[in-house]
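In this note's numbering, the protein residues as written are 10 to 306. Structure first, commentary second.
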Ligand SMILES: Cc1cc2nc3c(=O)[nH]c(=O)nc-3n(C[C@H](O)[C@H](O)[C@H](O)COP(=O)(O)OP(=O)(O)OC[C@H]3O[C@@H](n4cnc5c(N)ncnc54)[C@H](O)[C@@H]3O)c2cc1C
């Protein structure tokens with residue numbers, strides 16, 4: 010189907026883009042890589058009269074380190090992040106980026122877009138939650154920085170106001186004792202995950218000092234469990250302790266049955282993925298080189 014008629018705007022810079030968003034309010038949508046917005050418009054989901062193309066704004070796709078933080082411009086594509094040497098220091102980031110869809114989608118789709126869609130099956134909201142990322146937002150009222158946990162408020166809903174644009178995602182750089190992993194189960198490459206798991210671990214003398222466990226596709230937003238994390242803190246990480254924590258966090262989740270699988274199947278798969286991602290992060294904390302990659306049906 011063709012999209013309903015709309016007006017296309019290509020502002021010169023960020024202030025001009027924000028001015029247009031302020032002028033058109035809820036009638037306008039930002040266009041970045043177009044990999045979600047264009048299909049949605051073709052399906053005629055939502056009334057979008059004004060499309061504000063920010064895809065070619067300069068300075069919004071850099072990946073750089075500033076003050077112990079990896080700063081990723083909102084327009085950085087999944088492919089750019091997957092190939093970034095700086096992002097390689099945070100393995101979960103590269104695993105999420107490299108596993109999204111196929112080459113075409115990865116070369117057009119952006120991290121800012123993937124996050125702003127806030128799809129419960131999307132890779133970025135889950136992965137970035139596990140890494141305790143923050144989101145920098147610029148709007149008519151100025152700039153603000155929000156933790157990822159406050160950015161995604163529900164399925165397909167964020168805290169963005171109609172005149173606001175995500176400009177940067179900030180991920181704290183891990184110290185030498187910290188590493189991460191992100192693993193998804195997918196039916197095929199060019200499909201959203203059936204379920205996914207992000208883990209970040211800090212080890213000292215083999216004992217877990219800090220852990221972040223996140224499930225994707227397991228509820229309207231990323232699922233976390235303080236109880237499951239407490240089960241691992243201060244303990245040795247092994248497949249047994251990981252399995253116990255996996256059972257606790259999966260019990261706190263509510264994976265919806267759909268074409269990708271039943272709730273029972275997803276729970277079993279999530280449990281397996283927590284152990285796999287945990288073991289991967291553990292090996293990396295110990296300095297072992299571990300290949301990434303998702304599980305495919
Ligand atoms: C076949 C296919 C398979 C896919 N598989 C996966 C997958 O496995 N995993 C996955 O995570 N994703 C998947 N996607 C989605 C893909 O990752 C998109 O790139 C992403 O969801 C949107 O990024 P985009 O830059 O294309 O955003 P757009 O489509 O341009 O925009 C999407 C939405 O975000 C808003 N937006 C975009 N950028 C900003 C910004 N900087 N600030 C504020 N709002 C913004 C737009 O207004 C719009 O509402 C798939 C897409 C396709 C077509």
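We put the beta carbon where it would ideally sit given N, CA and C, even for glycine.
Exposed unless 16 or more other CB atoms sit within 10 angstroms - verdict on residue i
i, result
"residue 17", "exposed"
"residue 13", "exposed"
"residue 368", "With the chain covering only 10 through 306, there is no way to say anything about residue 368."
"residue 77", "exposed"
"residue 51", "exposed"
"residue 104", "buried"
"residue 273", "exposed"
"residue 218", "exposed"
"residue 351", "One cannot answer for residue 351 here, as it falls past the ends of the chain, which runs 10 to 306."
"residue 121", "buried"
Through-space distance from residue j to residue i, alpha-carbon basis
i, j, result
"residue 223", "residue 181", "17 Å"
"residue 147", "residue 69", "12 Å"
"residue 244", "residue 286", "17 Å"
"residue 282", "residue 97", "21 Å"
"residue 306", "residue 277", "14 Å"
"residue 154", "residue 175", "10 Å"
"residue 80", "residue 74", "6 Å"
"residue 110", "residue 128", "14 Å"
"residue 114", "residue 44", "6 Å"
"residue 271", "residue 24", "46 Å"
"residue 134", "residue 198", "19 Å"
"residue 268", "residue 21", "42 Å"
"residue 27", "residue 65", "15 Å"
"residue 191", "residue 205", "7 Å"
In DSSP terms, what residue i is bridged to
i, result
"residue 225", "205"
"residue 217", "212"
"residue 148", "151"
"residue 270", "267"
"residue 119", "86"
"residue 295", "Its beta-bridge partners do not exist; DSSP assigns none."
"residue 304", "194"
8 Å contact criterion, which residue i and residue j should meet: CB distance rounded
i, j, result
"residue 30", "residue 172", "4 Å"
"residue 101", "residue 46", "Contact flag wrong, Cβ pair sits at about 26 Å."
"residue 61", "residue 85", "Not a contact, Cβ separation roughly 19 Å."
"residue 90", "residue 124", "At roughly 12 Å, the Cβ-Cβ gap does not stay under 8 Å, so residue 90 and residue 124 are not in contact."
"residue 186", "residue 203", "Not quite, the Cβ-Cβ distance comes to about 32 Å (not below 8 Å), so this is no contact."
"residue 207", "residue 136", "5 Å"
"residue 261", "residue 299", "Residue 261 to residue 299, Cβ: 27 Å. No contact."
"residue 130", "residue 33", "Incorrect: roughly 29 Å between the Cβ atoms, too far for contact."
*asked:* For a minimum of 4 consecutive residues, which ranges assigned as the alpha helix (DSSP H) are wholly contained in the segment 11-85?
replied: 23-33, 46-51
_I'd like the ranges of any alpha helix (DSSP H) spanning at least 4 consecutive residues and lying wholly in the segment 134-197._
157-160
*In chain order, which beta strand (DSSP E) runs of at least 3 residues are fully inside the segment 221-265?*
none
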